[in-house]
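First comes the structure, then the notes that go with it.
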Amino acid sequence: MSAETSSLDFHPLRADLYQELHSRPFQVIPSTARVTHIAVLVTPEQRRTQFAHLQRLHRLLGEPWPEQEVSCYEHNFGKLRVRREVHMEFASYTFTNLDVSSADPFAETGISSLPEGWLEQLDGTIVGAFHIEVRPSEEDARSELAFMRKYFEGMRLIGSSPQEGAARVLGSFQLHSDHFGRFMVLNHKMSNSQLGRLVQRLMEIETYRLMSLLALPLAREITPSLNDMDHKLATITQSLADNESLDEQQILAELTHIAARIEAYRAHSTFRFAATRAYHELVLTRLEELREDEVSGHLTISEFMTRRLTPAVKTCEAVGERLEDLSRRVDRASDMMRTRVELAIQSQNQQLLSSMDRRSRIQLMMQHTVEGFSVVAISYYLISLLKLGLDVLQDSGVAFNKSLVLGVAIPVIMVLVFLGIRTIHHRFIRMARRQ
Numbered sequence: 001m002s003a004e005t006s007s008l009d010f011h012p013l014r015a016d017l018y019q020e021l022h023s024r025p026f027q028v029i030p031s032t033a034r035v036t037h038i039a040v041l042v043t044p045e046q047r048r049t050q051f052a053h054l055q056r057l058h059r060l061l062g063e064p065w066p067e068q069e070v071s072c073y074e075h076n077f078g079k080l081r082v083r084r085e086v087h088m089e090f091a092s093y094t095f096t097n098l099d100v101s102s103a104d105p106f107a108e109t110g111i112s113s114l115p116e117g118w119l120e121q122l123d124g125t126i127v128g129a130f131h132i133e134v135r136p137s138e139e140d141a142r143s144e145l146a147f148m149r150k151y152f153e154g155m156r157l158i159g160s161s162p163q164e165g166a167a168r169v170l171g172s173f174q175l176h177s178d179h180f181g182r183f184m185v186l187n188h189k190m191s192n193s194q195l196g197r198l199v200q201r202l203m204e205i206e207t208y209r210l211m212s213l214l215a216l217p218l219a220r221e222i223t224p225s226l227n228d229m230d231h232k233l234a235t236i237t238q239s240l241a242d243n244e245s246l247d248e249q250q251i252l253a254e255l256t257h258i259a260a261r262i263e264a265y266r267a268h269s270t271f272r273f274a275a276t277r278a279y280h281e282l283v284l285t286r287l288e289e290l291r292e293d294e295v296s297g298h299l300t301i302s303e304f305m306t307r308r309l310t311p312a313v314k315t316c317e318a319v320g321e322r323l324e325d326l327s328r329r330v331d332r333a334s335d336m337m338r339t340r341v342e343l344a345i346q347s348q349n350q351q352l353l354s355s356m357d358r359r360s361r362i363q364l365m366m367q368h369t370v371e372g373f374s375v376v377a378i379s380y381y382l383i384s385l386l387k388l389g390l391d392v393l394q395d396s397g398v399a400f401n402k403s404l405v406l407g408v409a410i411p412v413i414m415v416l417v418f419l420g421i422r423t424i425h426h427r428f429i430r431m432a433r434r435q
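Per the UniProt record's numbering, residue 1 is the first one in the sequence shown, and the count goes up by one each step.
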């Protein structure tokens, strides 16, 4: 690093960002080769086990093994080339056999040179596995097609002439008797680099096609339950629209159950449906890069994918969108039920307040009645005390008309007691109003 740049602050990932575009280079494949491609679904633990298994292959073939796992690893074991690519949820292996001794296609494959038993011990779940026969074109088009058909066990073929007729590709997109798919590539005028890019695109199309279809069984499994939940939700919504008398607690319980099932399906399927969309876009991109010309009498790969794969992907997308739509509809129905319950509670509260107000008025009337009785009672006790006092004075020799004094005192005492009680009552009312 020069003195002018040594003081610059470089991002720590800068080198990795540059290397990312070069991490999966195209292979260079000669016109005579047999390729086997295997795509394996893996967990993080299985991925580590697979790397150890790859190191074991190096030891079996007497080659130094890699110490650190990378996203794309390639090594030549003489005439056998092994390439391993690590993706988000799967790992792919490409075995290229450059030592072709048999003239019969698929008599030897890319895995024919592997040590016995090594492939059988590969950890993970295989999704894609197919052979590709690569050979130069030496005959006219009609003879080539007749030659190629013999090796696909009578299955219907799909093919084209990609790169404006520079090669011819045929495949069945089905499993054969060896449980592998088969493709045949006849090179007309491609260089080894161009042929490598063509084979790579073909492998990616088939791998991503299979990966994108992993969501289809899940979509078919979910659909009956979605139909059932849709019917129940429609019934509940119609009942709300008709303003029927409903058991709100039961309806809310049903809506909660439906919402829980929808969220469980979404948690189980969101990643799979999103991955399907991503894989499908990759397939369409690779198909555009092929630049196919039609082979007489055969569907092109693009036509086949558009007719078969796209509807399957659309089905998965429709199920995903239906899950989202059901979730929104359940939320709206739940909001309506909560509003209905809140209105019922408000009505009950209003009735309760009216009842409390009525009781308060009755209590107030009773209080006024009690106040009237309390005036009489208090007056009675005061007059009794006054009478005792007058008796004491009279016994002491004080001369006065006792009956006259009591007769005058009775109304005076009752008026004073009444005024005192009213004053206390008004004082409490003023205190309540200030609060």
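C-beta atoms are modelled at their ideal positions from N, C-alpha and C, and glycine is treated no differently.
Have a look at the options and flag the residue whose alpha-carbon is nearest the alpha-carbon of residue i.
{"i": "ILE148", "options": "LEU214, ARG322 and VAL169", "result": "Before going further, note that residue 148 is Met rather than Ile in the sequence given. Here the closest residue by C-alpha is VAL169."}
{"i": "PRO151", "options": "GLY165, ALA103 and ARG340", "result": "This sequence places Tyr at residue 151; Pro is not what is there. Nearest option by C-alpha distance: ALA103."}
{"i": "MET414", "options": "ASN227, VAL376, GLN238 and GLN163", "result": "VAL376"}
{"i": "GLU45", "options": "LEU122, GLN249, ALA33 and TYR381", "result": "LEU122"}
{"i": "ALA409", "options": "GLY420, TYR380, ARG433 and ASN187", "result": "TYR380"}
{"i": "SER23", "options": "LEU8, LEU57, THR96 and ARG84", "result": "ARG84"}
{"i": "ASP78", "options": "GLU89, GLN68, LEU309 and LEU61", "result": "The residue you asked about is not Asp; residue 78 is Gly in the sequence shown. Nearest option by C-alpha distance: LEU61."}
{"i": "GLU321", "options": "GLU120, TYR265 and GLN238", "result": "TYR265"}
{"i": "GLU20", "options": "THR94, CYS72, HIS231 and ARG261", "result": "CYS72"}
{"i": "ILE421", "options": "MET356, ARG220, GLN367 and LYS402", "result": "GLN367"}
{"i": "ALA167", "options": "ALA260, PRO25 and GLU138", "result": "GLU138"}
{"i": "ARG201", "options": "PRO25, MET365, GLN249 and ARG329", "result": "PRO25"}
{"i": "GLY171", "options": "MET365, LEU13, PHE304 and MET88", "result": "PHE304"}
{"i": "MET229", "options": "ALA260, GLN249, GLN250 and ASP242", "result": "ALA260"}
{"i": "PRO311", "options": "ARG358, ARG277, LEU385 and GLY297", "result": "ARG277"}
{"i": "LEU80", "options": "MET88, HIS298 and ILE29", "result": "ILE29"}
Determine whether the beta carbon atoms of residue i and residue j lie at a separation below 9 Å.
{"i": "ILE132", "j": "VAL82", "result": "no"}
{"i": "VAL319", "j": "ILE222", "result": "yes"}
{"i": "MET211", "j": "ALA275", "result": "yes"}
{"i": "ILE158", "j": "LEU287", "result": "no"}
{"i": "VAL40", "j": "LEU145", "result": "no"}
{"i": "LEU326", "j": "ILE258", "result": "yes"}
{"i": "GLN55", "j": "PRO66", "result": "yes"}
{"i": "LEU290", "j": "PRO136", "result": "no"}
{"i": "THR306", "j": "LEU216", "result": "no"}
{"i": "ARG340", "j": "LEU246", "result": "yes"}
{"i": "PHE271", "j": "GLU317", "result": "no"}
{"i": "LEU213", "j": "ALA333", "result": "no"}
{"i": "VAL127", "j": "PHE90", "result": "yes"}
{"i": "HIS188", "j": "ARG182", "result": "no"}
Taking the C-alpha atoms as reference points, what is the distance between residue i and residue j?
{"i": "SER360", "j": "LEU353", "result": "10 Å"}
{"i": "GLY117", "j": "HIS53", "result": "12 Å"}
{"i": "LEU17", "j": "VAL86", "result": "17 Å"}
{"i": "ASP335", "j": "GLU342", "result": "10 Å"}
{"i": "LEU114", "j": "GLU254", "result": "58 Å"}
{"i": "LYS387", "j": "VAL405", "result": "9 Å"}
{"i": "GLN27", "j": "LEU195", "result": "9 Å"}
{"i": "SER31", "j": "LEU218", "result": "41 Å"}
{"i": "GLY154", "j": "THR235", "result": "52 Å"}
{"i": "ASP99", "j": "ASN192", "result": "16 Å"}
{"i": "HIS280", "j": "THR300", "result": "17 Å"}
{"i": "GLN348", "j": "HIS268", "result": "43 Å"}
{"i": "VAL370", "j": "VAL412", "result": "21 Å"}
{"i": "ASN227", "j": "SER143", "result": "53 Å"}
{"i": "GLY397", "j": "LEU390", "result": "11 Å"}
{"i": "GLN238", "j": "HIS231", "result": "11 Å"}
{"i": "PHE95", "j": "GLY110", "result": "5 Å"}
{"i": "ILE362", "j": "SER403", "result": "41 Å"}
{"i": "PHE10", "j": "GLU69", "result": "25 Å"}
{"i": "GLY407", "j": "MET431", "result": "38 Å"}
{"i": "ASP178", "j": "HIS58", "result": "26 Å"}
{"i": "HIS425", "j": "ARG358", "result": "21 Å"}
{"i": "residue 436", "j": "ASP242", "result": "The structure shown has nothing for residue 436, since the chain only spans 1 to 435."}
{"i": "ARG433", "j": "MET356", "result": "19 Å"}
{"i": "GLN394", "j": "ASN401", "result": "9 Å"}
{"i": "ARG156", "j": "ARG308", "result": "14 Å"}
Rounded to the nearest angstrom, how far is the Cβ of residue i from that of residue j, given a contact under 8 Å?
{"i": "ILE378", "j": "VAL417", "result": "5 Å"}
{"i": "SER112", "j": "GLU292", "result": "Not quite, the Cβ-Cβ distance comes to about 30 Å (not below 8 Å), so this is no contact."}
{"i": "HIS37", "j": "MET203", "result": "5 Å"}
{"i": "VAL283", "j": "ARG197", "result": "Actually they are not in contact, since the Cβ atoms of VAL283 and ARG197 sit about 16 Å apart, beyond 8 Å."}
{"i": "VAL42", "j": "GLY124", "result": "4 Å"}
{"i": "ALA107", "j": "PHE180", "result": "Incorrect: roughly 13 Å between the Cβ atoms, too far for contact."}
{"i": "THR207", "j": "SER302", "result": "The pair is not a contact, with the Cβ atoms about 17 Å apart (cut-off 8 Å)."}
{"i": "LEU186", "j": "ILE262", "result": "At roughly 51 Å, the Cβ-Cβ gap does not stay under 8 Å, so LEU186 and ILE262 are not in contact."}
{"i": "ALA33", "j": "ASN97", "result": "7 Å"}
{"i": "LEU252", "j": "MET337", "result": "5 Å"}
Completely contained alpha helix (DSSP H) runs for the segment 161-209, where each covers 4 or more residues: Within the segment 161-209, the complete alpha helix (DSSP H) segments of 4 residues or longer fall at 162-165, listed in chain order.
In chain order, each alpha helix (DSSP H) run of at least 4 residues that lies wholly inside the segment 21-62: Runs found: 44-60.
Any beta strand (DSSP E) of 3 or more consecutive residues that is wholly inside the segment 77-143: For the segment 77-143, the continuous beta strand (DSSP E) assignments of 3+ residues that do not extend past its boundaries occur at 80-86, 90-97 and 125-136, in sequence order.
Any alpha helix (DSSP H) of 4 or more consecutive residues that is wholly inside the segment 248-304: Qualifying alpha helix (DSSP H) stretches, in chain order: 248-290 and 301-304.
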